[in-house]
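K.L.:
2 protein chains.
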Amino acid sequence: MKITGYLKARQKLIDAALDSYLPAENEYPKEIHRAMRYSVFSGGKRVRPILTLASCEACGGNVKGAVSAACAVEMVHAYSLIHDDLPAMDDDDFRRGKPTCHKKFGEGIAVLAGDALLTYAFELLSGGKDPAVNNEIIRALAEAIGSNGMIGGQVVDIQNQADPDLPTLTYINAHKTGALIAASCKIGAISAKAPGKKLDALKRYGEYIGFTFQVVDDILDKEGFALALGVDGAKKEAARLVAKAHRELGIFGRRAKPLGDLADFILNRKK
Amino acid sequence: MKITGYLKARQKLIDAALDSYLPAENEYPKEIHRAMRYSVFSGGKRVRPILTLASCEACGGNVKGAVSAACAVEMVHAYSLIHDDLPAMDDDDFRRGKPTCHKKFGEGIAVLAGDALLTYAFELLSGGKDPAVNNEIIRALAEAIGSNGMIGGQVVDIQNQADPDLPTLTYINAHKTGALIAASCKIGAISAKAPGKKLDALKRYGEYIGFTFQVVDDILDKEGFALALGVDGAKKEAARLVAKAHRELGIFGRRAKPLGDLADFILNRKK
Chain A
24 MKITGYLKAR QKLIDAALDS YLPAENEYPK EIHRAMRYSV FSGGKRVRPI LTLASCEACG
84 GNVKGAVSAA CAVEMVHAYS LIHDDLPAMD DDDFRRGKPT CHKKFGEGIA VLAGDALLTY
144 AFELLSGGKD PAVNNEIIRA LAEAIGSNGM IGGQVVDIQN QADPDLPTLT YINAHKTGAL
204 IAASCKIGAI SAKAPGKKLD ALKRYGEYIG FTFQVVDDIL DKEGFALALG VDGAKKEAAR
264 LVAKAHRELG IFGRRAKPLG DLADFILNRK K
Chain B
24 MKITGYLKAR QKLIDAALDS YLPAENEYPK EIHRAMRYSV FSGGKRVRPI LTLASCEACG
84 GNVKGAVSAA CAVEMVHAYS LIHDDLPAMD DDDFRRGKPT CHKKFGEGIA VLAGDALLTY
144 AFELLSGGKD PAVNNEIIRA LAEAIGSNGM IGGQVVDIQN QADPDLPTLT YINAHKTGAL
204 IAASCKIGAI SAKAPGKKLD ALKRYGEYIG FTFQVVDDIL DKEGFALALG VDGAKKEAAR
264 LVAKAHRELG IFGRRAKPLG DLADFILNRK K
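Residue numbers (our numbering), protein chains in the order written: chain A, 24 to 294; chain B, 24 to 294.
#1: Could you compute how far the alpha carbon of residue 24(B) sits from the alpha carbon of residue 72(B)?
#2: Of all Cβ atoms in chain A, is any one closer than 8 Å to the Cβ of residue 200(B)?
#3: Is the shortest distance between the beta-carbon of residue 135(B) and the beta-carbons of chain A less than 8 Å?
#4: Can you name the start and end residues of the alpha helix (DSSP H) that residue 208(B) belongs to?
#5: Among the residues of its own chain, which have a CB less than 8 Å from the CB of residue 294(A), if the five just before and after it don't count?
#6: Indicate the three-state DSSP secondary structure (helix, strand or coil) for residue 122(A) in the structure shown.
#7: Between the C-alpha atoms of residue 105(A) and residue 133(A), what's the straight-line distance to the nearest angstrom?
#8: Would a check of beta-carbon distances place residue 41(A) closer than 8 Å to chain B?
#9: Please say whether residue 189(A) and residue 92(A) have beta carbons closer to each other than 8 Å?
#10: Buried or exposed: where does residue 43(B) fall if 16 or more other Cβ atoms within 10 Å of its Cβ makes it buried?
#11: Could one say the Cβ of residue 162(A) lies closer than 8 Å to chain B's Cβ atoms, at least one of them?
#12: Contact between the segment 120-140 of chain B and the segment 160-169 of chain B is defined here as three or more beta-carbon pairs at a separation below 8 Å; is this criterion met?
#13: Does residue 44(A) get closer than 8 Å to chain B when you measure Cβ to Cβ?
#14: Would you please state the rounded distance, in angstroms, between the beta carbons of residue 83(A) and residue 278(A)? I believe it to be under 8 Å.
#15: Anything in chain A within Cβ reach of residue 213(B), meaning under 8 Å, just list it in chain order.
#16: In whole angstroms, what is the alpha-carbon distance linking residue 171(B) and residue 145(A)?
#17: Taking 8 Å as the threshold (C-beta atoms), are residue 236(A) and residue 289(A) in contact?
#18: Quick one: what's got a C-beta closer than 7 Å to residue 175(A)'s C-beta in the same chain, skipping five residues either side?
#19: For residue 117(B), does the three-state DSSP call read helix, strand or coil?
#20: Work out the CA separation of residue 161(B) and residue 148(B) for me, nearest whole Å.
#21: Counting pairs of beta carbons, one from the segment 48-64 of chain B and one from the segment 136-143 of chain B, are three or more of them closer than 8 Å?
#22: Let me confirm a value: residue 48(A) is counted as buried when at least 16 other C-beta atoms fall within 10 Å, else exposed. Which label applies?
#23: Between the beta-carbon of residue 211(B) and the beta-carbon of residue 36(B), is there less than 8 Å?
#24: Pick helix, strand or coil for residue 145(B), following the three-state DSSP scheme.
#25: Buried or exposed for residue 230(B), going by 16 or more other Cβ atoms inside 10 Å?
#26: Mind checking which residues open and close the alpha helix (DSSP H) that includes residue 291(A)?
#27: Distance cutoff 8 Å, beta carbons only. Does residue 230(B) sit that close to anything in chain A?
#28: Below 8 Å between beta carbons: does that hold for residue 207(A) and residue 88(A)?
#29: What residues in the segment 89-112 of chain B have a beta carbon less than 7 Å from any beta carbon of chain A?
#30: Alpha carbon to alpha carbon, what distance is there between residue 69(B) and residue 95(B)?
#31: What span of residues does the alpha helix (DSSP H) with residue 199(A) cover, start to end?
#32: Can you name the start and end residues of the alpha helix (DSSP H) that residue 157(B) belongs to?
#33: What distance in whole Å lies between the Cβ atoms of residue 109(B) and residue 55(B), which are believed to be in contact at a cut-off of 8 Å?
#34: Jot down the residue ranges of each uninterrupted alpha helix (DSSP H) in the segment 243-268 of chain B, minimum 4 residues, whole runs only, in chain order.
#35: Over what stretch of residues does the alpha helix (DSSP H) that includes residue 50(A) continue unbroken?
#36: Find the nearest neighbour of residue 239(A) within the set 66(A), 287(A) and 153(A), judged by alpha-carbon distance.
See the structure below:
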């Protein structure tokens, strides 16, 4: 599979950049920097930053120039997982087979490590070459992850732990998972200074595959949409969404091949 | 006291702006928006945003143009109090005589309300007129409140609850309280497009009065510096810091009168 080689190369690029940006473990106060790094380097697939880079590429932008924005997106993702795992939220002891941040470092440090990653993402975004582009990216990210976006999804999630209905489930996933994935794509397009038409197309592409991502998660975990729609219904829905995602890529030509492959990869993943 | 009339007028201006910026209580999902507003409108003195406006004024800038940045600073302050009050941190049930956010709304919503206020502060800052100025303000704020700033102070605070020594106490307060106050002043100067010399002078002014603020807090609460230095020693230290703050204002002439009065107000406050 060619996409696997592409993904591995991109993961390596993102991991090296994250390592260079994050404060060192022995920087005072050490505990917070250890916790930040522990959570960022915990075996994530780097789907979001890879989407940022592939979206930049699809718009003919300079991929190297989008690496810091891609890393900011991944830091925001790591922050959201740390806070979602807290006892007062989803109360998870393990993530990807390792103790969650609060299990390893305590709840206080975990809250602060999440806060610091969110804050550092914005600091990193303010350091790009072009202040107007930075500003637009910061706005797109903040809108996507605020109380009307990702945080709103988490609020509705913790308020509806027992058997949410399909509209509620749809709201939760569009916001909790979908908003940041859509923003990841849009940010890549902004960093390439793409025109509005392309920005909008990539935002929609991101919304479709963000939704696909969650539906496939639910099929693999036999929960959420897999219960509400049945496994076959959920699989059909995922395929329908990915087909819509592909249609959005038409205007980009062959530069969007990685984005097309990523959509198929998200649909067909087995873990 | 003329400063009281000035403070009241500024508080009113800030409160009205915060009310106009924050999502309405009945905006879905309601609970998070109620929690955000509950914490922002809980009787704070608005010292930080007033410093932002007065710093802008001292540099000859347009005060109205700095109101949104001033509100962003206050939202960050509110976020930091919500997270500091959590059971895993300082574990406070009351703040200014009212139940803390997690006591009123539960821990999950409190964590998310803090997250949302932090996020919204950056969204608000990205909406100013001049993208280059927005970018510089975002950078100054994020640096001040990250793991090497305010969050770092909180980390060292929760790790040293029992009888910290004077250097540790100094680190905690310079970072936990001082960094955001210094940034509040610097941000006002940035919004006025002040030259580097004035930016630096106001950052130092902010550091001195940030420290004064904490020393006076400790004198009033009979803790921290009041125990380490004795009440008389702490009072002397506060007066020495305010004198240094005044000296920084020399280059601004009479436009800095409100900043001078604010320094005296912080030194002489009785609650």
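Just so it is clear, CB atoms sit at the ideal spot from N, CA and C, and this is done for glycine as well.
P.N.:
Taking the coordinates as given:
#1: Bear in mind that the predicted position of residue 24(B) carries a pLDDT of just 47, short of 50, making it unreliable; the figure below should be weighed with that in mind. Rounded to whole angstroms, residue 24(B) to residue 72(B) spans 21 Å at the Cα level.
#2: no
#3: yes
#4: 202-214
#5: 243
#6: strand
#7: 7 Å
#8: no
#9: no
#10: exposed
#11: yes
#12: no
#13: no
#14: 6 Å
#15: Correct list: empty, because the minimum Cβ distance to chain A is about 12 Å.
#16: 14 Å
#17: yes
#18: 198
#19: strand
#20: 7 Å
#21: yes
#22: exposed
#23: no
#24: helix
#25: buried
#26: 280-291
#27: no
#28: no
#29: 106, 109, 111 and 112
#30: 12 Å
#31: Counting along the chain, residue 199(A) falls outside any alpha helix (DSSP H), and DSSP gives it neither H nor E.
#32: 154-168
#33: Between residue 109(B) and residue 55(B) the Cβ distance is about 16 Å, and since that is not below 8 Å, they are no contact.
#34: 248-252
#35: Taken as a continuous stretch (DSSP letters only), residue 50(A) belongs to no alpha helix (DSSP H), as it is neither H nor E.
#36: 287(A)
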